[in-house]
Amino acid sequence: MQSWRRRKSLWLALSASWLLLVLLGGFSLLRLALPPRPQPGASQGWPRWLDAELLQSFSQPRELPEDTASPPQAPHGGSCNWEACFDTSKCRGDGLKVFVYPAVGPISETHRRILASIEGSRFHTFSPAGACLLLLLSLDAQTGECSSMPLQWNRGRNHLVLRLYPAACPRTFQLGQAMVAEASPTVDSFRPGFDVALPFLPEAHPLRGGAPGQLRQHSPQPGVALLALEEERGGWRTADTGSSACPWDGRCEQDPGPGQTQHQETLPNATFCLISGHRPEAASRFLQALQAGCIPVLLSPRWELPFSEVIDWTKAAIVADERLPLQVLAALQEMSPARVLALRQQTQFLWDAYFSSVEKVIHTTLEVIQDRIFGTSAHPSLLWNSPPGALLALSTFSTSPQDFPFYHLQQGSRPEGRFSALIWVAPPGQPPLKLIQAVAGSQHCAQILVLWSNERPLPSRWPETAVPLTVIDGHRKVSDRFYPYSTIRTDAILSLDARSSLSTSEVDFAFLVWQSFPERMVGFLTLSHFWDEAHGGWGYTAERTNEFSMVLTTAAFYHRYYHTLFTHSLPKALRTLADEAPTCVDVLMNFIVAAVTKLPPIKVPYGKQRQEAAPLAPGGPGPRSKPQAPAPDCINQLAAAFGHMPLLSSCLRLDPVLFKDPVSVQRKKYRSLEKP
Amino acid sequence: MSCASVPGGGLRHPLRCRKPWDEECEEEAVCVIMCASVKYNIRGPALIPRMKTKHRIYYITLFSIVLLGLIATGMFQFWPHSIESSNDWNVEKRSVRDVPVVRLPADSPIPERGDLSCRMHTCFDVYRCGFNPKNKIKVYIYALKKYVDDFGVSVSNTISREYNELLMAISDSDYYTDDINRACLFVPSIDVLNQNTLRIKETAQALAQLSRWDRGSNHLLFNMLPGGPPDYNTALDVPRDRALLAGGGFSTWTYRQGYDVSIPVYSPLSAEVDLPEKGPGPRQYFLLSSQVGLHPEYREDLEALQVKHGESVLVLDKCTNLSEGVLSVRKRCHKHQVFDYPQVLQEATFCVVLRGARLGQAVLSDVLQAGCVPVVIADSYILPFSEVLDWKRASVVVPEEKMSDVYSILQSIPQRQIEEMQRQARWFWEAYFQSIKAIALATLQIINDRIYPYAAISYEEWNDPPVVKWGSVSNPLFLPLIPPQSQGFTAIVLTYDRVESLFRVITEVSKVPSLSKLLVVWNNQNKNPPEDSLWPKIRVPLKVVRTAENKLSNRFFPYDEIETEAVLAIDDDIIMLTSDELQFGYEVWREFPDRLVGYPGRLHLWDHEMNKWKYESEWTNEVSMVLTGAAFYHKYFNYLYTYKMPGDIKNWVDAHMNCEDIAMNFLVANVTGKAVIKVTPRKKFKCPECTAIDGLSLDQTHMVERSECINKFASVFGTMPLKVVEHRADPVLYKDDFPEKLKSFPNIGSL
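From first to last, the protein sequence lines are chains L and S. Under the UniProt record's numbering, the letters of the first sequence match residues 1 to 676, in that order. Under the UniProt record's numbering, the letters of the second sequence match residues 1 to 751, in that order.
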């Protein structure tokens with residue numbers, strides 16, 4: 001009985017368990033068979049197909065041979081692109097050579113000066129046959145300066161029609177295969193990679209030099225207006241964007257209160273400048289904003305941004321969709337200070353590098369075309385888009401940014417740890433034995449080059465030095481001193497005059513300082529420039545003053561790139577000027593470096609200043625009480641040629657950390673610098 | 001399937017599945033159930049009473065089976081829940097063959113041919129993107145359907161493997177939305193990757209009947225192989241009206257700049273072959289051509305090059321004499337020599353990518369993968385992603401008519417540039433070519449950048465390989481600009497309760513000509529600052545800011561009151577600096593506005609014994625930091641210190657009440673990549689480090705703490721950003737033999 005009951009209870013327990021098991025199992029099976037319904041709120045996504053592995057590839061290998069059935073062809077219906085319409089075979093050798101059609105008939109002053117400017121540039125050639133680009137100036141219809149079809153037109157092949165100003169000549173003849181460089185071309189007519197988009201220049205745009213950017217500080221001042229709006233009548237008004245009402249006309253429901261806006265002719269002090277993208281005239285506003293350091297916000301521009309082929313406008317302007325005003329406004333308000341800071345600075349750099357003068361605009365146009373011809377040896381984007389810009393960073397020098405003195409930070413590189421000393425021996429020509437020994441004694445010296453530049457024969461014997469010594473027989477010209485000799489192997493050059501006198505520790509210290517400032521000149525003796533009210537011109541002096549703006553190149557460290565710049569980018573006239581007035585060459589070199597860096601040079605201590613200052617000065621032989629100040633006319637000629645005064649003054653000298661401190665001499669690394 | 005339990009098998013092996021056929025038990029639990037039920041049916045409960053001695057074992061066995069079954073079923077029930085969050089379980093498991101069929105009537109509408117003048121602001125409806133938060137467009141994908149014509153003949157292959165991958169990648173990305181009403185961009189699931197596999201008119205009709213088609217605006221089509229024989233158009237021939245086209249073979253004639261997106265032709269070899277990265281440098285062949293089926297004219301040109309330059313040029317073709325079973329796609333031949341493809345590409349410095357009938361060639365992807373620099377010879381070809389990628393850095397483009405000069409053109413490239421190009425080529429492949437996913441996401445990013453340009457990715461982010469990104473520094477104050485002297489500086493004095501000393505500092509600092517404002521940061525919450533009348537009367541505005549908490553970081557807060565760019569941070573006990581010294585410091589800052597300009601300098605050194613950094617306050621010949629007890633700097637660094645300081649440094653400094661100056665030195669050096677400028681001979685302030693009353697011990701703890709700070713910061717920054725220099729700035733005529741009264745800054749203090 002008991003066993004039966006036990007069996008019964010067991011039986012019950014067992015069957016109950018079975019039931020449970022079957023139920024549970026059944027559910028599981030059910031779930032396998034029927035996929036669950038997706039839950040309403042959950043994101044479903046693209047299905048994972050069960051047979052995804054079996055799907056065929058979009059291209060089957062056997063298709064490849066079929067590809068070849070037809071012959072290669074380059075179809076183009078009347079339109080042009082670079083490969084089809086430009087013949088690069090004429091551009092062999094030393095880059096772009098440009099022939100400009102001379103003007104026919106009477107021409108305006110502007111036209112004449114533009115012609116002169118192109119003729120003075122390094123691109124120019126007088127022979128149309130040898131030119132790779134033929135330039136047709138198309139300036140102003142009103143003054144009747146429209147040219148008829150030129151002689152060598154050849155259906156416009158290798159021609160560039162340059163329309164600097166918006167009121168340009170009507171198209172009197174078929175452009176054919178000619179490229180067009182014009183102000184703010186519409187997006188529809190612009191042929192990317194073939195045409196060149198120019199900025200919309202105001203009529204009174206300076207030919208040369210040009211006004212600097214108006215930005216006086218990196219970051220916006222607190223409390224400055226966020227937004228300035230251009231008005232159709234011309235002029236600007238600022239808008240307070242604190243309110244939620246959208247600021248631009250046509251879309252605002254209510255008229256902004258009187259306290260919110262103010263009408264101004266000149267550009268107001270604002271962080272962003274809103275510019276309509278419809279009217280090409282607005283493009284002139286764009287340039288105005290750029291100069292003022294007001295970040296341009298372009299609303300759906302219908303015109304091509306200037307030099308968009310090479311300039312990365314996302315770094316300096318904001319191109320936004322006019323149809324999303326609130327989003328754009330919110331984005332501007334929320335923009336990080338870091339981005340605003342970067343955009344502001346970029347506007348100034350671009351303005352100054354490519355837009356501030358007509359000459360810069362023309363040279364940039366030619367440089368863009370030259371880059372197309374150069375292909376792989378064109379400017380890398382970094383050179384176009386960071387200071388000092390592609391007009392001052394020649395791609396013929398190098399295409400690797402590390403080779404230039406300007407990009408070490410961006411590249412994470414450092415200037416080389418060695419220098420080459422270049423000693424210029426002018427008449428009367430004594431081999432500078434003492435100087436050679438002092439320089440060769442520096443642990444950083446890699447080589448010594450002697451530039452023998454006088455009538456006396458080369459001495460046959462030179463002192464034994466630890467570093468290689470090379471003698472170059474010069475052409476007796478002062479500009480030889482700044483020729484990019486291929487024998488110079490290092491980044492740094494120590495430029496010396498045979499009569500200079502330096503000690504090894506002076507050289508060592510100056511070189512260490514140069515490594516911190518590879519883009520600047522580091523020198524021992526200085527000159528300073530000043531505005532001479534009496535003569536209404538610039539003057540300069542070698543008097544010792546509290547400030548200086550130039551260092552003498554008879555003892556100075558600088559980057560070898562400046563030799564290339566001196567020789568290959570300066571107009572010939574300036575180099576001739578230097579040859580004719582040798583004392584001018586120091587000023588010229590300082591002008592170049594200052595124009596590139598926009599910074600003053602650096603002075604380091606010079607021990608023998610008191611006694612032997614004279615031998616360092618250029619010019620005639622014999623001791624003098626002071627370095628000779630060369631003719632003041634030189635500086636004025638240069639300022640005219642540069643279009644502005646690039647020199648900047650500095651009031652500091654970089655000394656060793658313990659220089660002349662009342663501490664133990666044993667502590668000091670550069671003891672001999674302090675010796676009287 | 002039949003399973004049987006093993007009687008008396010004991011607890012260890014209560015049952016075993018026997019599988020007479022190759023079929024596997026789908027799930028162990030299923031097997032358990034079946035085994036158990038089989039047993040139940042055969043033996044049944046009727047057997048149980050007959051068992052006498054063995055029944056106990058049977059019970060135990062049965063119970064174990066039931067128990068195990070329950071556990072297994074339970075696991076089966078609950079285990080899948082853990083993966084439910086991933087897409088796998090949620091998504092329909094279906095076959096591509098089962099998708100709904102849509103019949104297209106022969107007379108259903110066809111879209112317009114395609115508008116060549118389309119631009120984002122004319123053909124793209126940006127209002128649809130108004131909903132999208134965080135400056136990210138939302139993309140909707142239409143459900144997959146199979147389209148057939150009136151006769152039931154299908155319009156195209158339903159979907160290719162690559163297009164399925166592409167849609168999956170979009171679906172898995174942040175761009176995806178399944179809400180058609182909130183989408184800004186629509187991607188049809190109609191596969192047009194290869195034009196040759198579809199019927200043009202019917203595909204167009206299929207596009208036109210999509211629910212949000214609306215003349216194709218905001219629709220994105222992906223096509224890699226456009227055109228067909230004989231003339232091979234360079235863009236997809238399917239009429240598509242305003243739809244955007246991401247195309248793989250655009251020429252300048254068909255590409256709508258700023259509207260279409262040029263994409264690569266995906267090479268299936270990218271996934272099949274694993275080519276490890278090969279370092280840049282010279283390789284066995286200078287120039288290599290690996291394409292098969294080239295036009296005879298081109299092949300002649302190439303062979304002429306080979307004849308002229310011998311060993312350094314290698315022109316390969318397809319193999320004619322391969323034995324059966326060898327994949328011809330993966331082999332190339334030169335005469336009778338057989339090469340593995342794409343491995344052979346790694347042996348060449350430059351690889352030719354010639355146009356075929358189509359401009360876009362999949363070989364470009366293989367070449368980049370091999371780190372070989374592509375020499376693109378295809379006139380008017382729009383290179384992939386050319387809107388954002390700088391192809392000059394990774395390729396050489398040669399006009400077709402100059403093909404015979406290609407060797408000399410390449411030889412004129414300096415070795416260093418070649419190596420950079422090789423590195424760049426491989427980086428482009430890794431980032432934008434190597435998978436369908438990479439191609440899809442780059443395309444969407446480009447469109448996203450057009451719609452939200454203010455949030456766009458920069459040139460550097462697109463183009464700089466990681467190595468360069470890591471090594472480079474982009475100075476936030478990169479513009480060489482000497483601020484006008486007239487702007488002056490704002491002095492910020494951090495004080496707690498030393499009122500007397502504070503007033504002396506205020507009086508001293510107010511004598512500096514260029515001071516334009518004085519800001520006192522009152523860091524004491526328990527005590528009110530003195531009454532207005534008690535403060536020294538000075539010629540510039542004086543503002544007092546009270547802080548909420550006594551924190552060192554208050555000194556570097558970007559107060560709205562700071563109107564000048566130059567900031568002088570000065571402690572409330574720095575009274576020894578002369579007016580000349582401070583004015584000169586400001587002048588120096590104007591020449592170096594992106595640096596910290598301070599007075600006493602300090603140095604960090606590597607302690608070789610302890611293997612860590614050490615703080616050095618000895619008077620050495622070198623400087624790598626300046627004390628911020630008195631230092632000029634740009635006010636932007638206040639913003640960086642407060643909001644962008646890496647890691648927990650800011651809180652750490654506040655908690656330790658020390659080293660805020662070292663932190664500032666680290667921050668500025670790290671962001672600008674430049675050294676500090678120490679001005680004038682000043683070596684110490686009041687000298688907390690050397691004149692403490694109980695001397696040496698305090699001094700040593702101080703030094704240990706400061707060293708700890710350096711080590712802590714170096715580890716947070718992941719590098720040692722401080723730069724060591726051997727110079728300081730003095731006035732031009734400092735200690736020169738020159739009449740003192742003629743010097744601008746005659747009174748430059750002492751040590």
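Idealized CB from N, CA, C, for every residue including glycine. Keep in mind that this is a model prediction, so the values were computed, not measured.
Notebook entry, point to check: What did DSSP end up calling L647 (chain L) once you bin it into helix, strand or coil?
Noted result: By one-based count along the first sequence, residue 647 (chain L) stands at place 647. Assigned with DSSP and collapsed to three states, L647 (chain L) falls in coil, not helix or strand.
Next item on the list: Give the single residue among S:T254, S:G216, S:V509 and S:L220 whose Cα lies nearest to the Cα of T234 (chain S).
Entry: By 1-based counting over the second sequence, the position of residue 234 (chain S) is 234. Checking every option, the nearest Cα to that of T234 (chain S) belongs to S:T254.
Notebook entry, point to check: Given a threshold of 16 other Cβ atoms within 10 Å of its Cβ, counted over all protein chains shown, does V623 (chain S) qualify as buried or as exposed?
Noted result: Mapped onto the second sequence, residue 623 (chain S) falls at position 623. By the 10 Å Cβ count, V623 (chain S) comes out buried.
Check: Do Y407 (chain L) and L382 (chain L) come within 8 angstroms of each other at the CB atom, strictly closer than that value?
Finding: Working through the first sequence from its first residue, we reach residue 382 (chain L) at position 382. Working through the first sequence from its first residue, we reach residue 407 (chain L) at position 407. Going by C-beta atoms, L382 (chain L) is nearer than 8 angstroms to Y407 (chain L).
Next item on the list: Using a Cβ cut-off of 7 angstroms, pull out every chain S residue sitting near I318 (chain L), in sequence order please.
Entry: The count along the first sequence starts at 1 and reaches residue 318 (chain L) at position 318. Here the neighbours are P453 and Y454.
Next item on the list: Take E359 (chain L) and list the residues in its own chain whose beta-carbon comes closer than 7 angstroms to its own, dropping the five residues that flank it on each side.
Entry: If you number the first sequence from 1, residue 359 (chain L) lands on position 359. Around E359 (chain L): S117, L207 and R208.
Check: By the criterion of Cβ-Cβ separation under 7 angstroms, what are the contact partners of L345 (chain S) in chain L?
Finding: By one-based count along the second sequence, residue 345 (chain S) stands at place 345. Near L345 (chain S) there are no residues of chain L at all, since even the closest Cβ is about 17 angstroms away, more than 7 angstroms.
Next item on the list: Along the beta strand (DSSP E) that carries E182 (chain L), what are the first and last residues, could you check?
Entry: Reading the first sequence from its first residue, position 182 is the one you call residue 182 (chain L). Note, E182 (chain L): beta strand (DSSP E), M179 to A183.
Checklist line | Residues of its chain near R103 (chain S), where Cβ-Cβ distance is below 6 angstroms and the 5 sequence neighbours each way are ignored | finding: Here residue 103 (chain S) corresponds to residue number 103 of the second sequence, with the count starting at 1. In the same chain as R103 (chain S), and ignoring 5 residues on each side of it, the C-beta atoms closer than 6 angstroms to its own belong to V148, in chain order.
Next item on the list: Look up F745 (chain S) in the DSSP assignment and say whether it is helix, strand or coil.
Entry: Numbered from its first residue, the second sequence carries residue 745 (chain S) at position 745. If DSSP states are grouped into helix, strand and coil, F745 (chain S) belongs with coil.
Next item on the list: Assign E543 (chain L) to one of two classes, buried (16 or more other C-beta atoms within 10 Å of its C-beta) or exposed (fewer than that).
Entry: Along the first sequence, one-based indexing puts residue 543 (chain L) at 543. An exposed status is given to E543 (chain L), since fewer than 16 other beta-carbon atoms sit within 10 Å of its beta-carbon.
Notebook entry, point to check: Quick one: does K527 (chain S) have its CB under 8 angstroms from some CB of chain L?
Noted result: Along the second sequence, one-based indexing puts residue 527 (chain S) at 527. Chain L contact via Cβ: absent.
Next item on the list: Go ahead and pull the three-state DSSP assignment for T186 (chain L).
Entry: The residue you call residue 186 (chain L) lines up with position 186 of the first sequence. The DSSP-derived three-state label of T186 (chain L) is strand.
Next item on the list: Spell out a yes or no on whether the segment 421–441 of chain S and the segment 304–321 of chain L are touching, meaning 3 or more CB-CB pairs, one atom from each, closer than 8 angstroms.
Entry: With contact defined as three or more Cβ pairs closer than 8 angstroms, the segment 421–441 of chain S and the segment 304–321 of chain L are not in contact.
Next item on the list: Please state if the CB of Q411 (chain L) and the CB of S472 (chain S) are separated by a distance shorter than 8 angstroms.
Entry: Here the question's residue 472 (chain S) lines up with position 472 in the second sequence. Here the question's residue 411 (chain L) lines up with position 411 in the first sequence. Annotated as proximal: S472 (chain S) and Q411 (chain L), with beta-carbon spacing under 8 angstroms.
Next item on the list: Give the straight-line distance between the Cα atoms of D607 (chain S) and S312 (chain S), rounded to the nearest whole angstrom.
Entry: Start at 1 with the first residue of the second sequence, and residue 607 (chain S) comes out as number 607. Start at 1 with the first residue of the second sequence, and residue 312 (chain S) comes out as number 312. Straight through space, the alpha carbons of S312 (chain S) and D607 (chain S) are spaced by roughly 52 angstroms.
Margin query: Between the alpha carbons of A426 (chain L) and A573 (chain L), how many angstroms are there, rounded?
Written below: As a position in the first sequence, residue 426 (chain L) is number 426, starting the count at 1. As a position in the first sequence, residue 573 (chain L) is number 573, starting the count at 1. C-alpha separation (whole angstroms): 23 angstroms.
Notebook entry, point to check: By the 10 Å Cβ neighbour count, where 16 or more other Cβ atoms means buried, how is W470 (chain S) classified, buried or exposed?
Noted result: The residue given as residue 470 (chain S) occupies position 470 in the second sequence. Exposed, since its Cβ has fewer than 16 Cβ neighbours within 10 Å.
Note to self: Check whether chain S comes within 8 angstroms of G607 (chain L), counting only Cβ atoms and requiring the distance to be less than that.
What the structure shows: Indexing the first sequence from 1 puts residue 607 (chain L) at position 607. Residue-level contact by beta carbon fails for G607 (chain L) and chain S, as no gap is shorter than 8 angstroms.
Note to self: With H, G and I counted as helix, E and B as strand and the rest as coil, what does DSSP make of K614 (chain S)?
What the structure shows: In the second sequence, residue 614 (chain S) corresponds to position 614, counting from 1. Of the three classes helix, strand and coil, the one that applies to K614 (chain S) here is strand, per DSSP.
Notebook entry, point to check: Name the chain L residues whose beta carbon is nearer than 8 angstroms to that of F738 (chain S)?
Noted result: The sequence position of residue 738 (chain S) within the second sequence is 738, counting from 1. Correct list: R544.
Check: From the beta carbon of G417 (chain L), is the nearest beta carbon of chain S less than 8 angstroms away?
Finding: For the purposes of this step, residue 417 (chain L) is taken as the residue at position 417 of the first sequence. At a cut-off of 8 angstroms between C-beta atoms, G417 (chain L) does not count as an interface residue with respect to chain S.
Check: Helix, strand or coil for R103 (chain S) per DSSP?
Finding: Along the second sequence, read from residue 1 onward, the residue named residue 103 (chain S) stands at position 103. Reduced to three states, the DSSP call for R103 (chain S) is strand.
Item checked: Any 3 or more C-beta pairs closer than 8 angstroms across the segment 191–210 of chain S and the segment 153–168 of chain S -> With a cut-off of 8 angstroms, the segment 153–168 of chain S and the segment 191–210 of chain S count as touching, because enough Cβ pairs lie within range.
Notebook entry, point to check: What are the boundary residues of the alpha helix (DSSP H) that includes I377 (chain S)?
Noted result: Here residue 377 (chain S) corresponds to residue number 377 of the second sequence, with the count starting at 1. Not the alpha helix (DSSP H): I377 (chain S) falls in the beta strand (DSSP E), residues V373 to I377.
Check: In three-state terms, what does DSSP make of A320 (chain L)?
Finding: Within the first sequence, the letter at position 320 stands for residue 320 (chain L). Here A320 (chain L) sits in strand by DSSP.
Margin query: Counting only Cβ-Cβ distances shorter than 7 angstroms, please list the residues of the segment 399–413 of chain L near chain S, keeping chain order.
Written below: So the close ones are T399, S400, L409, Q410, Q411 and G412.
Margin query: Among the candidates S:E561, S:T628, S:C118 and S:Y58, whose CA atom is the shortest distance from the CA of F259 (chain S)?
Written below: As a first step, residue 259 (chain S) must be located in the second sequence, where it is residue number 259. Checking the displayed sequence, the identity of residue 259 (chain S) turns out to be Tyr instead of Phe. Of the candidates S:E561, S:T628, S:C118 and S:Y58, the one whose C-alpha sits nearest the C-alpha of Y259 (chain S) is S:C118.
Next item on the list: Determine which residues share a DSSP beta bridge with E230 (chain L) and list them.
Entry: Stepping through the first sequence from its first residue, residue 230 (chain L) is reached at position 230. In DSSP, E230 (chain L) forms a bridge with L:W236.
Notebook entry, point to check: Per DSSP, what kind of secondary structure is L538 (chain L) in: helix, strand or coil?
Noted result: Taking the first sequence and counting its residues from 1, the one referred to as residue 538 (chain L) is at position 538. First, the amino acid is wrong: residue 538 (chain L) is Trp here, not Leu. Assignment of W538 (chain L) by DSSP, reduced to helix, strand and coil, places it in the strand class.
Checklist line | beta strand (DSSP E) segment containing S664 (chain L), residue limits | finding: Locating residue 664 (chain L) in the first sequence gives position 664, where the first residue counts as 1. That residue, S664 (chain L), is in no beta strand (DSSP E); it is neither H nor E in DSSP.
Check: At a Cβ threshold of 8 angstroms, is E726 (chain S) touching chain L?
Finding: Taking the second sequence and counting its residues from 1, one reaches residue 726 (chain S) at position 726. Any Cβ of chain L closer than 8 angstroms to the Cβ of E726 (chain S) would place that residue at the interface, and such an atom is present.
Checklist line | Cutoff 6 angstroms; reference S672 (chain L); Cβ partners in own chain excluding five residues on either side | finding: The sequence position of residue 672 (chain L) within the first sequence is 672, counting from 1. Here the set comprises S503 and S505.
Checklist line | Those residues which DSSP pairs with N223 (chain S) across a bridge | finding: In the second sequence, counting from the first residue as 1, residue 223 (chain S) sits at position 223. The partner list for N223 (chain S) (beta bridge, DSSP) reads S:G247.
Notebook entry, point to check: Does any C-beta atom of chain L lie closer than 8 angstroms to the C-beta of W462 (chain S)?
Noted result: Against the second sequence, residue 462 (chain S) aligns to sequence position 462. Not one chain L Cβ lies under 8 angstroms of W462 (chain S).
Checklist line | Residue burial classification, N590 (chain L) (beta-carbon count within 10 angstroms, cutoff 16) | finding: Your numbering for residue 590 (chain L) matches position 590 in the first sequence. Residue environment: N590 (chain L) is assigned as buried (16 or more neighbouring CB atoms within 10 Å of its CB, all protein chains considered).
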